[in-house]
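Colleague: So the sequence lines, in the order shown, correspond to chains A and B.
With the working numbering as the guide, the letters of the first sequence map in order to residues 45 to 158.
With the working numbering as the guide, the letters of the second sequence map in order to residues 71 to 181.
For every residue, glycine included, the Cβ atom is placed at its ideal position computed from N, Cα and C.
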Amino acid sequence: EAGVAQSPRYKIIEKRQSVAFWCNPISGHATLYWYQQILGQGPKLLIQFQNNGVVDDSQLPKDRFSAERLKGVDSTLKIQPAKLEDSAVYLCASSSLVSYNEQFFGPGTRLTVL
Amino acid sequence: KQEVTQIPAALSVPEGENLVLNCSFTDSAIYNLQWFRQDPGKGLTSLLLIQSSQREQTSGRLNASLDKSSGRSTLYIAASQPGDSATYLCAGKAAGNKLTFGGGTRVLVKP
Numbered sequence: 045e046a047g048v049a050q051s052p053r054y055k056i057i058e059k060r061q062s063v064a065f066w067c068n069p070i071s072g073h074a075t076l077y078w079y080q081q082i083l084g085q086g087p088k089l090l091i092q093f094q095n096n097g098v099v100d101d102s103q104l105p106k107d108r109f110s111a112e113r114l115k116g117v118d119s120t121l122k123i124q125p126a127k128l129e130d131s132a133v134y135l136c137a138s139s140s141l142v143s144y145n146e147q148f149f150g151p152g153t154r155l156t157v158l
Numbered sequence: 071k072q073e074v075t076q077i078p079a080a081l082s083v084p085e086g087e088n089l090v091l092n093c094s095f096t097d098s099a100i101y102n103l104q105w106f107r108q109d110p111g112k113g114l115t116s117l118l119l120i121q122s123s124q125r126e127q128t129s130g131r132l133n134a135s136l137d138k139s140s141g142r143s144t145l146y147i148a149a150s151q152p153g154d155s156a157t158y159l160c161a162g163k164a165a166g167n168k169l170t171f172g173g174g175t176r177v178l179v180k181p
């Protein structure tokens, strides 16, 4: 079974630029999550989708962050414009409705904002 | 609001010693407690998941316990090896399948 795929793995941009990350969850997983992990901290949930609907985006900075999962499969997270404090690893995870408890994580995208 | 704390933030032990990693949480109304391993530059690998109705889970050299009344979970790694060097994260799951993570404990096992 293929795992959660993310791209790119690394991205370096200057502040005020825009950036987008892509995630392809495990096939058949209805729920998809985006987390932000700042160096030395645990991951923090940004947004949770179930199919193509948003379940929780309470910690998403909506003035600059946006995410979509139009067809209920893969997802894109965008930052526009980026700030220095957005430097972090962005992790995508997915879970199925059957194995509701367990989230499977992708390798992450490491973003550096200069 | 659930808060999860892991102390210490870093730990160094000689090879062969048993590892004890601590996790505390503020809201006892969790559905489960999960332990993850994270290697540098990598994503998270699930190690053990303890349901709220369980007291412990075991997998090979790993054993995790859960005490909801005291808001604590402990991960034991027996006979540590250099390959166990990584960051270990615990996370409590609340309603809506939301995971709240601790800050992690960075472990170094010295040969």
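Cα-Cα, which of S150/B, V90/B, E87/B and S94/B is closest to S139/B?
Modeller: Within the second sequence, the letter at position 69 stands for residue 139/B. Selected option, being the one with the closest Cα: S94/B.
Colleague: Look at the alpha carbon of Q127/B and the alpha carbon of N133/B, and state the distance between them as a whole number of angstroms.
Modeller: Taking the second sequence and counting its residues from 1, the one referred to as residue 127/B is at position 57. Taking the second sequence and counting its residues from 1, the one referred to as residue 133/B is at position 63. When only Cα atoms are considered, Q127/B and N133/B end up about 6 Å apart.
Colleague: Among the candidates E73/B, V83/B and P110/B, whose CA atom is the shortest distance from the CA of T157/B?
Modeller: Counting from 1 along the second sequence, the entry for residue 157/B is found at position 87. The residue with the shortest Cα to Cα distance from T157/B is P110/B.
Colleague: Take the Cβ of S129/B as the centre, count every other Cβ of all protein chains shown within 10 Å, and call the residue buried at 16 or more, exposed below.
Modeller: Taking the second sequence and counting its residues from 1, the one referred to as residue 129/B is at position 59. That one is exposed.
Colleague: If you draw a straight line from the C-alpha of P151/A to the C-alpha of Q50/A, how long is it?
Modeller: On the first sequence, position 107 is the one that residue 151/A refers to. On the first sequence, position 6 is the one that residue 50/A refers to. Cα to Cα, P151/A sits roughly 7 Å from Q50/A.
Colleague: Looking only at its chain, what residues have a beta carbon closer than 6 Å to the beta carbon of A148/B, apart from the 5 residues adjacent to it on each side?
Modeller: The residue you call residue 148/B lines up with position 78 of the second sequence. The residues are N88 and R131.
Colleague: Any beta-carbon of chain B closer than 8 Å to the one on L135/A?
Modeller: Walking along the first sequence from the start, residue 135/A turns up at place 91. Chain B contact via Cβ: present.
Colleague: Just to check my reading of the structure: A137/A and Y77/A have Cβ atoms closer than 8 Å, yes? What is that Cβ distance to the nearest angstrom?
Modeller: Residue mapping note: residue 137/A aligns to position 93 of the first sequence, counting from 1. Residue mapping note: residue 77/A aligns to position 33 of the first sequence, counting from 1. Contact flag correct, Cβ pair sits at about 4 Å.
Colleague: Would you mind reading off the limits of the beta strand (DSSP E) that contains R142/B?
Modeller: For the purposes of this step, residue 142/B is identified with residue 72 of the second sequence, where counting begins at 1. Taken as a continuous stretch (DSSP letters only), the beta strand (DSSP E) holding R142/B covers R142 to I147.
Colleague: DSSP on N95/A, reduced to helix/strand/coil?
Modeller: Position 51 of the first sequence, counted from the first residue, corresponds to residue 95/A. In the structure shown, N95/A sits in coil (DSSP, three-state: anything other than H, G, I, E or B).
Colleague: Since E126/B is in the beta strand (DSSP E), which residue starts that stretch and which ends it?
Modeller: Residue mapping note: residue 126/B aligns to position 56 of the second sequence, counting from 1. Start and end: E126 to S129.
Colleague: How long is the line joining the alpha carbons of K59/A and R154/A, rounded to whole angstroms?
Modeller: Locating residue 59/A in the first sequence gives position 15, counting from the first residue. Locating residue 154/A in the first sequence gives position 110, counting from the first residue. So the alpha carbons of these two residues sit roughly 15 Å apart.
Colleague: So is G173/B in contact with chain E if we call contact Cβ pairs under 8 Å?
Modeller: The structure shown contains no chain E; its protein chains are A and B.
Colleague: Just checking: is the beta-carbon of L117/B within a distance shorter than 8 Å of some beta-carbon in chain A?
Modeller: Taking the first residue of the second sequence as position 1, residue 117/B is located at position 47. It does not; no Cβ of chain A falls within 8 Å.
Colleague: Can you list the beta strand (DSSP E) stretches of 3 or more residues lying completely in the stretch 57-87 of chain A, in chain order?
Modeller: 63-68 and 75-81
Colleague: To the nearest angstrom, report how far apart T144/B and S140/A are at their CA atoms.
Modeller: Counting from 1 along the second sequence, the entry for residue 144/B is found at position 74. Counting from 1 along the first sequence, the entry for residue 140/A is found at position 96. If you take the alpha carbons of T144/B and S140/A, they lie about 27 Å apart.
Colleague: Taking the beta carbon of P69/A as the centre, do at least 16 other beta carbons fall within 10 Å, making it buried, or is it exposed?
Modeller: Counted from its first residue, the first sequence places residue 69/A at position 25. The residue is buried, with at least 16 neighbouring Cβ atoms inside 10 Å.
Colleague: Would you mind stating whether R79/B and G162/B have Cβ atoms separated by less than 8 Å?
Modeller: By 1-based counting over the second sequence, the position of residue 79/B is 9. By 1-based counting over the second sequence, the position of residue 162/B is 92. According to the sequence displayed, residue 79/B carries Ala and not Arg. The Cβ atoms of A79/B and G162/B lie no closer than 8 Å to each other.
Colleague: Once the 5 residues before and after L178/B are set aside, which same chain residues still bring their CB inside 8 Å of it?
Modeller: Counting from 1 along the second sequence, the entry for residue 178/B is found at position 108. Contacts found: A80, L81, S82, V83 and S155.
Colleague: Assuming D137/B is part of the beta strand (DSSP E), what are its boundary residues?
Modeller: Translated into the one-based positions of the second sequence, residue 137/B becomes position 67. Note, D137/B: beta strand (DSSP E), L132 to D137.
Colleague: Apart from the five residues on each side of it in sequence, which residues of its chain come closer than 7 Å, Cβ to Cβ, to T96/B?
Modeller: Numbered from its first residue, the second sequence carries residue 96/B at position 26. The residues are Q72, E73 and G141.
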